[in-house]
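A.B. asks: To start, I am sharing the structure in question, which I have written as structure tokens.
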Amino acid sequence: MIWIQLQRIVHLNYYLYHYHLRDAILHNPCRTYLEVGCGAGAVSKFIDDTLHYEEYLGVDIDEKRIRYAAAKYGARENTHFRSGDVRQLPIDKDYDCLLLVGFLHHVPNNECLSLVRYVLPRITRKIVILEPIFVYRSVRANLYERYLEKGEHRRSVTQVKELLDQSGVRIDLEYTSRQAIGLFDFWCGISDLR
């Protein structure tokens with residue numbers, strides 16, 4: 009019974025997550041996107057379903073997830089996936105937008121700083137960061153954090169902003185959505201580089 013309830017809440021949070029992502033991306037939409045930490049590629053589908061775009065490149069260190077993403081979403085001619093550390097891959101062009109969606113809480117501070125500093129010179133228009141902020145201490149939230157969410161580096165909004173500031177990223181627009189039903193809130197930060 010608890011597992012079914014947990015699955016329903018995770019499903020709800022997934023849709024709320026993409027709702028907030030849509031708002032952030034549609035705020036001054038771009039034509040080319042680089043997503044670091046793309047996982048299984050769900051954001052690429054969202055971008056494909058929502059926007060007219062020229063190119064999406066998703067990068068993740070997990071080769072298994074990249075294979076899945078490429079098999080599921082990679083058939084589109086303007087969507088590409090690469091496996092590996094973005095700092096060791098040739099990024100031979102500039103991208104309008106850097107997406108860091110549900111990524112930062114999986115990476116320690118020094119790695120975040122290094123990754124963002126590495127890709128920042130290749131981003132021309134904006135950076136969108138969307139992170140879950142774990143605030144509830146209910147049985148369901150604790151189960152979710154313990155068994156489903158593997159991010160070991162969860163941070164408060166203040167800590168995320170300080171980390172981005174150290175990376176040279178200034179947040180121009182931000183909001184936190186408070187979820188009445190869900191497991192966690194979402195913090196979204198947008199940095200306008202123009």
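Numbering (the working numbering), first residue to last: 9 to 202. All C-beta atoms in this analysis are idealised placements derived from N, C-alpha and C, irrespective of residue type, glycine included.
Can you look up ARG39 in the DSSP assignment and give me helix, strand or coil?
C.D. replies: Position 31 of the sequence shown, counted from the first residue, corresponds to residue 39. Three-state DSSP puts ARG39 in coil, outside helix and strand.
A.B. asks: Give the DSSP bridge partners of LEU128, in chain order.
C.D. replies: For the purposes of this step, residue 128 is taken as residue 120 along the sequence shown, with counting starting at 1. Beta-bridge pairing links LEU128 to no other residue.
A.B. asks: Tell me, please, whether the segment 119-139 touches the segment 167-183 by the rule of three or more beta-carbon pairs shorter than 8 Å.
C.D. replies: Result yes; three or more Cβ-Cβ pairs closer than 8 Å.
A.B. asks: Suppose only complete runs of 3+ residues qualify. What are the beta strand (DSSP E) ranges in the segment 61-146, listed by chain order?
C.D. replies: Whole beta strand (DSSP E) segments, 3+ residues: 63-68, 87-91, 103-109 and 131-141.
A.B. asks: Quick check: what's the CA-CA separation for ASP93 versus LEU181?
C.D. replies: Against the sequence shown, residue 93 aligns to sequence position 85. Against the sequence shown, residue 181 aligns to sequence position 173. Rounded to whole angstroms, ASP93 to LEU181 spans 28 Å at the Cα level.
A.B. asks: Would you kindly check if the distance between the Cβ of SER52 and the Cβ of ASP68 is under 8 Å?
C.D. replies: As a working mapping, residue 68 is identified with position 60 in the sequence shown. As a working mapping, residue 52 is identified with position 44 in the sequence shown. Going by C-beta atoms, ASP68 is not nearer than 8 Å to SER52.
A.B. asks: Mind checking whether ILE55 and TYR41 have CB atoms under 8 Å apart?
C.D. replies: Residue 55 sits at position 47 when you count from the first residue of the sequence shown. Residue 41 sits at position 33 when you count from the first residue of the sequence shown. For ILE55 and TYR41, yes; Cβs fall inside 8 Å.
A.B. asks: I'd like to know whether the C-beta atoms of TRP195 and GLU139 end up nearer to each other than 8 Å.
C.D. replies: Working through the sequence shown from its first residue, we reach residue 195 at position 187. Working through the sequence shown from its first residue, we reach residue 139 at position 131. Result yes, Cβ atoms of TRP195 and GLU139 sit closer than 8 Å.
A.B. asks: Does the structure place the segment 99-110 close enough to the segment 124-141 that three or more beta carbon pairs sit under 8 Å?
C.D. replies: Enough Cβ pairs lie closer than 8 Å, so yes.
A.B. asks: Short of 6 Å in beta carbon distance, which residues of its chain neighbour CYS38, apart from the five on each side in sequence? Order them along the chain.
C.D. replies: For the purposes of this step, residue 38 is identified with residue 30 of the sequence shown, where counting begins at 1. Excluding sequence neighbours, CYS38 sits near ASP104, CYS105 and ARG133.
A.B. asks: Hey, out of LEU112, ASP200 and GLY82, whose CA is closest to VAL168's CA?
C.D. replies: Looking up residue 168 in the sequence shown gives position 160. When each option's Cα is compared against that of VAL168, the closest is LEU112.
A.B. asks: Return helix, strand or coil for SER185, following the three-state DSSP convention.
C.D. replies: Counted from its first residue, the sequence shown places residue 185 at position 177. If DSSP states are grouped into helix, strand and coil, SER185 belongs with the strands.
A.B. asks: Does SER199 come out as helix, strand or coil in the three-state DSSP assignment?
C.D. replies: To locate residue 199, count along the sequence shown from 1; it is residue 191. The answer is strand: DSSP assigns SER199 an E or B state.
A.B. asks: To the nearest angstrom, report how far apart CYS46 and ARG202 are at their CA atoms.
C.D. replies: Here residue 46 refers to the residue found at position 38 of the sequence shown. Here residue 202 refers to the residue found at position 194 of the sequence shown. Using only the alpha carbons, I get a separation of about 24 Å.
A.B. asks: Answer yes or no: do VAL115 and LEU29 have a C-beta to C-beta separation smaller than 8 Å?
C.D. replies: For the purposes of this step, residue 115 is identified with residue 107 of the sequence shown, where counting begins at 1. For the purposes of this step, residue 29 is identified with residue 21 of the sequence shown, where counting begins at 1. Not in contact: VAL115 and LEU29 (Cβ atoms no closer than 8 Å).
A.B. asks: From the DSSP output, read off the bridge partner residues of VAL44.
C.D. replies: On the sequence shown, position 36 is the one that residue 44 refers to. DSSP, once it has assigned bridges, lists VAL67 as partnering VAL44.
A.B. asks: Between the Cα of GLY49 and those of VAL124, LEU107 and ASP31, spot the shortest distance and give me the residue it belongs to.
C.D. replies: Position 41 of the sequence shown, counting from 1, holds the residue named residue 49. Comparing Cα positions, the closest option is LEU107.
A.B. asks: So, at 8 Å on beta carbons, what are the nonlocal neighbours of THR58 in its own chain, with the 5 sequence-adjacent residues on each side left out?
C.D. replies: Residue mapping note: residue 58 aligns to position 50 of the sequence shown, counting from 1. Cβ within range, chain order: ARG30, ILE33 and LEU34.
A.B. asks: Looking only at its own chain, which residues have a Cβ that is under 6 Å from the Cβ of GLU71, when we skip the five neighbours before and after it?
C.D. replies: In the sequence shown, the residue the question calls residue 71 occupies position 63. So the list reads SER91, once near-sequence residues are dropped.
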